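Taking it in order: structure first as structure tokens, then the write-up.
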Amino acid sequence: MEINVRSAENVKILELAGRFDTYTADTARQSIEQAMAEEPANIVVNLEKVDFVDSTALATLVHGLKRSRELQGDLRLCHLQQSVRMVFELTRLDRFFEIFAREDEAVQAFAR
Amino acid sequence: MILPAILAAQKSDFDILAKDWLDAGASTFSIWADGVSLATWSAGGSPQPAALVEPITVNSVKIGELHLAGLCQPAHRLRLQAQAGFIAQIARLERDLNSMAADLIDTQDQLLALYDLTQATRNYLNPEETLARLAFETARLVKAEAAFFWVHMKGRLPIFQQYPRPILTEEALQNYMNLMKESRREFLFSRGNADEQALGVRNMLIVPIKVRDAGTAVMGMLNKFDGDFNSPDIKLAGAIAEFTGAQIENVIMYQVNVEQARLETEMDLAQRIQVHLLPQKPPGVVGLDLWAASWPASRVGGDFYDFIIGTNQPFTFTVGDISGKGVPAALLMAMTRTVIRTKTNVMPMPTPQVVMGRSNQELYDDFTKLSMFATVFVGQYDSSNRKLLYANAGHSPVIYCPAGGKAHLLRADGTPMGILPDSLSKDQGIDFQPGDVLVVATDGFSEARNTQDNEFGYDRLVSLVESIADQSARGIAETLYRTVANFSNGAAQSDDQTLVVLKGIGA
Numbered sequence: 177m178e179i180n181v182r183s184a185e186n187v188k189i190l191e192l193a194g195r196f197d198t199y200t201a202d203t204a205r206q207s208i209e210q211a212m213a214e215e216p217a218n219i220v221v222n223l224e225k226v227d228f229v230d231s232t233a234l235a236t237l238v239h240g241l242k243r244s245r246e247l248q249g250d251l252r253l254c255h256l257q258q259s260v261r262m263v264f265e266l267t268r269l270d271r272f273f274e275i276f277a278r279e280d281e282a283v284q285a286f287a288r
Numbered sequence: 022m023i024l025p026a027i028l029a030a031q032k033s034d035f036d037i038l039a040k041d042w043l044d045a046g047a048s049t050f051s052i053w054a055d056g057v058s059l060a061t062w063s064a065g066g067s068p069q070p071a072a073l074v075e076p077i078t079v080n081s082v083k084i085g086e087l088h089l090a091g092l093c094q095p096a097h098r099l100r101l102q103a104q105a106g107f108i109a110q111i112a113r114l115e116r117d118l119n120s121m122a123a124d125l126i127d128t129q130d131q132l133l134a135l136y137d138l139t140q141a142t143r144n145y146l147n148p149e150e151t152l153a154r155l156a157f158e159t160a161r162l163v164k165a166e167a168a169f170f171w172v173h174m175k176g177r178l179p180i181f182q183q184y185p186r187p188i189l190t191e192e193a194l195q196n197y198m199n200l201m202k203e204s205r206r207e208f209l210f211s212r213g214n215a216d217e218q219a220l221g222v223r224n225m226l227i228v229p230i231k232v233r234d235a236g237t238a239v240m241g242m243l244n245k246f247d248g249d250f251n252s253p254d255i256k257l258a259g260a261i262a263e264f265t266g267a268q269i270e271n272v273i274m275y276q277v278n279v280e281q282a283r284l285e286t287e288m289d290l291a292q293r294i295q296v297h298l299l300p301q302k303p304p305g306v307v308g309l310d311l312w313a314a315s316w317p318a319s320r321v322g323g324d325f326y327d328f329i330i331g332t333n334q335p336f337t338f339t340v341g342d343i344s345g346k347g348v349p350a351a352l353l354m355a356m357t358r359t360v361i362r363t364k365t366n367v368m369p370m371p372t373p374q375v376v377m378g379r380s381n382q383e384l385y386d387d388f389t390k391l392s393m394f395a396t397v398f399v400g401q402y403d404s405s406n407r408k409l410l411y412a413n414a415g416h417s418p419v420i421y422c423p424a425g426g427k428a429h430l431l432r433a434d435g436t437p438m439g440i441l442p443d444s445l446s447k448d449q450g451i452d453f454q455p456g457d458v459l460v461v462a463t464d465g466f467s468e469a470r471n472t473q474d475n476e477f478g479y480d481r482l483v484s485l486v487e488s489i490a491d492q493s494a495r496g497i498a499e500t501l502y503r504t505v506a507n508f509s510n511g512a513a514q515s516d517d518q519t520l521v522v523l524k525g526i527g528a
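So the sequences go chain by chain: A and B.
Start counting at 1 in the first sequence, then tack on 176, and there's your number in the working numbering.
Start counting at 1 in the second sequence, then tack on 21, and there's your number in the working numbering.
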């Protein structure tokens with residue numbers, strides 16, 4: 177899985193690409209933790225290029241969100257592909273994560 | 022020194038040669054080496070100085086001379102030259118033979134030494150003991166005061182064994198090894214510097230040991246009892262090093278095998294425990310035909326199902342799926358199953374929502390600490406009114422197919438356990454009449470993939486349940502397993518597949 181990290185207005189944007197599963201979750205977890213090392217712990221995870229997530233991947237994102245909130249930040253998701261969105265809906269993790277259609281919306285939501 | 026030996030061995034041939042010269046008119050014929058006559062044949066009369074002298078030369082080195090007195094014609098010189106050449110040829114052959122014999126003895130000595138080593142080390146099954154014994158045997162075989170082995174295999178701590186006592190520090194050894202790395206050959210010195218002499222090191226030989234898997238190893242010997250380390254010592258050390266390399270690999274492979282066998286046994290036990298945590302057969306519940314099964318993707322998994330029958334309580338069943346795979350998921354599976362079971366049993370009239378809420382409260386901190394969660398479905402069937410009450414914490418697929426009707430997914434309303442401190446799952450109810458089917462499966466079914474990487478998917482699963490809803494609970498379960506396995510067409514099962522099937526039947 178490829179991970180591209182960018183910064184915008186007090187927010188770190190992590191762009192993930194490929195399969196996000198048991199075998200790639202650790203890399204993503206490290207990137208998220210690294211992005212939160214610097215205050216504020218505001219993260220946007222762009223899943224536009226992620227075509228598969230398994231439960232380990234979901235647990236990684238859950239951990240990221242809980243950790244960012246501990247650090248008075250937040251972790252938001254954007255650009256979910258249809259199949260990935262369905263996983264969030266079926267597990268009702270859409271009630272836990274703030275999910276945005278576009279990356280700029282997710283970033284702007286931090287300004288509010 | 023080879024000429025006297027040839028002379029002694031071939032005396033009669035030299036006698037014939039000499040007699041020929043004397044018969045031809047020579048007064049004396051003699052063989053010399055290093056200015057000394059080794060043999061002289063004389064015709065009698067007063068001794069005369071040699072008229073012809075021919076050197077016997079082997080590989081440009083003069084090893085002796087033939088002297089002839091009383092004859093000095095060119096033909097005599099040619100004949101004497103030919104004889105000197107012939108003797109030189111014999112000397113050359115003799116020398117080759119000697120060196121081959123010496124090599125043979127060396128080889129035999131090495132074989133004997135290696136046989137000793139094999140015998141000495143075959144009873145040791147760990148690298149430390151093997152190397153300690155090898156150090157002792159090496160010192161004995163090369164007749165040195167001390168010997169040592171230093172072995173560093175990838176993923177293990179270095180082992181440094183010295184016999185009879187520690188003399189070198191690892192740091193000092195590293196310096197020698199760096200020098201060896203530069204020169205790419207063995208390291209040898211005959212007179213130690215001041216530091217080495219202070220340690221009591223007179224002379225030393227270190228040779229590399231070839232080991233696989235990016236390991237580094239050397240062996241060394243110090244203070245030869247009799248002089249300095251020489252080339253036979255280097256040869257012998259090389260042979261010991263080769264033997265040691267193979268021996269270390271064997272011993273380490275043995276250890277890895279033992280470790281693997283131990284893990285295997287533990288996994289077997291874990292698997293047996295997990296299988297026993299699941300109900301061995303479905304209970305008899307009035308108004309229900311029940312079936313359940315669980316196939317983990319690896320030896321142990323994070324899926325579970327459970328049937329709880331308490332006194333004065335409706336029949337309760339659960340299906341859960343812990344995030345992640347393998348042993349971590351299996352540990353939390355056991356814990357989650359127990360918490361839900363306990364909460365159900367200790368509360369007076371626990372509805373699924375209450376069981377879910379209380380269990381989530383209890384498990385939330387642990388799940389958060391471990392960055393895991395569990396999707397859980399808790400159902401309750403009341404035979405007296407054929408009502409099915411359930412709470413769903415992020416679990417899917419749950420497929421409901423009313424008798425003769427359309428099958429559809431019962432979607433979760435709450436997040437999985439361990440996500441939020443307070444559960445969002447509420448009680449939901451459906452009438453569950455004869456012919457109605459409920460399949461509570463785990464995502465190992467819907468997410469099963471074939472070799473073309475296509476997913477089985479929810480739509481296919483829902484249609485399948487609808488098409489087989491007339492079968493018994495067991496028949497539905499078996500058809501689901503079989504159809505998904507056929508779809509996968511040999512692709513490895515990547516996730517646990519667990520299901521509970523309920524079918525309403527007449528009382």
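C-beta: ideal position from N, C-alpha, C; glycine also.
In this text the structure is predicted, and so the values were computed from the model without any measurement.
Quiz item: For chain B, is any of its Cβ atoms less than 8 Å away from the one on residue 239/A?
Solution: yes
Quiz prompt | Contact residues within the region 411-440 of chain B, judged by C-beta distance below 7 Å to chain A | solution = 415, 417, 432, 433, 434, 435, 436, 437 and 440
Quiz item: How big is the Cα-Cα spacing for residue 245/B and residue 201/B?
Solution: 20 Å
Quiz item: Quick one: Cα of residue 125/B to Cα of residue 285/B, how far?
Solution: 49 Å
Quiz item: Sorted by chain position, which residues of the same chain lie with C-beta nearer than 8 Å to residue 164/B's C-beta, five sequence neighbours on each side aside?
Solution: 245, 246 and 247
Practice problem: Using a Cβ cut-off of 8 Å, pull out every chain B residue sitting near residue 234/A, in sequence order please. | Solution: 344 and 394
Exercise. Verify the CB distance criterion: does residue 445/B have a CB-CB separation below 8 Å to chain A?
Key: yes
Quiz item: What runs of the alpha helix (DSSP H), each 4 residues or longer, lie entirely inside the region 414-476 of chain B?
Solution: 464-467
Practice problem: Give a yes or no on contact between the region 258-273 of chain A and the region 233-244 of chain A, applying the rule of three or more CB pairs nearer than 8 Å. | Solution: yes
Quiz item: Thinking C-beta only, is residue 446/B closer than 8 Å to residue 412/B?
Solution: yes
Quiz item: What residues in the region 257-269 of chain A have a beta carbon less than 7 Å from any beta carbon of chain B?
Solution: 266, 267, 268 and 269
Quiz item: Counting pairs of Cβ atoms below 8 Å between the region 208-226 of chain A and the region 408-428 of chain B, do you hit three or more?
Solution: no
Quiz item: From 305/B, 229/B, 522/B and 79/B, pick the residue whose C-alpha is nearest to that of residue 197/B; which is it?
Solution: 229/B
Quiz item: My guess is that residue 300/B and residue 328/B are in contact by the Cβ rule of under 8 Å, so how many angstroms apart are they, rounded?
Solution: 5 Å
Exercise. Measuring only between beta-carbons, confirm whether residue 337/B sits less than 8 Å from chain A.
Key: no
Practice problem: Could you check the C-alpha separation between residue 283/B and residue 277/B for me, to the nearest Å? | Solution: 10 Å
Self-check item: Which of helix, strand or coil DSSP assigns to residue 487/B
Solution: helix
Quiz item: Rounded C-beta distance between residue 435/B and residue 414/B? I'm assuming under 8 Å.
Solution: 5 Å
Quiz item: Taking all protein chains shown into account, do 16 or more other C-beta atoms lie within 10 angstroms of the C-beta of residue 24/B, making it buried, or fewer, making it exposed?
Solution: buried
Quiz prompt | Where the beta strand (DSSP E) through residue 75/B begins and ends | solution = 73-79
Exercise. Using the Cα positions of residue 350/B and residue 307/B, report the straight-line distance between them to the nearest angstrom.
Key: 34 Å
Quiz prompt | Where residue 32/B sits in the DSSP three-state scheme | solution = helix
Exercise. Let me know the beta strand (DSSP E) ranges lying completely inside the region 183-225 of chain A, each 3 residues or longer, listed in chain order.
Key: 187-196
Quiz prompt | Inter-stretch contact at 8 Å, needing at least 3 Cβ pairs: the region 96-110 of chain B / the region 125-141 of chain B | solution = no
Quiz prompt | DSSP-derived helix/strand/coil call for residue 284/A | solution = helix
Exercise. For residue 389/B, go through chain E and note every residue whose CB falls closer than 7 Å to its CB, in chain order.
Key: Here the protein chains are A and B, and chain E is not one of them.
Self-check item: chain B residues whose Cβ lies nearer than 8 Å to that of residue 196/A
Solution: Residues of chain B passing the Cβ test: none, with the nearest at roughly 13 Å.
Self-check item: chain B contacts from the region 271-282 of chain A (Cβ-Cβ distance under 9 Å)
Solution: 271 and 272
Exercise. Say whether chain B places a C-beta atom closer than 8 Å to the C-beta of residue 207/A.
Key: no
Practice problem: Go through its chain and collect everything with a Cβ distance to residue 428/B's Cβ below 8 Å, but skip five positions before and after it. | Solution: 420, 421, 422, 458, 483, 484, 486, 487 and 490
Exercise. Please decide whether residue 231/A counts as near chain B, where near means a Cβ-Cβ distance under 8 Å.
Key: yes
Practice problem: Taking all protein chains shown into account, decide if residue 346/B is buried (16 or more other Cβ within 10 angstroms of its Cβ) or exposed. | Solution: buried
Quiz item: So, residue 477/B versus residue 508/B, is the Cβ gap smaller than 8 Å?
Solution: yes
Quiz item: Where are the alpha helix (DSSP H) runs, 4 residues long or more, that stay fully inside the region 114-166 of chain B, in chain order?
Solution: 148-162
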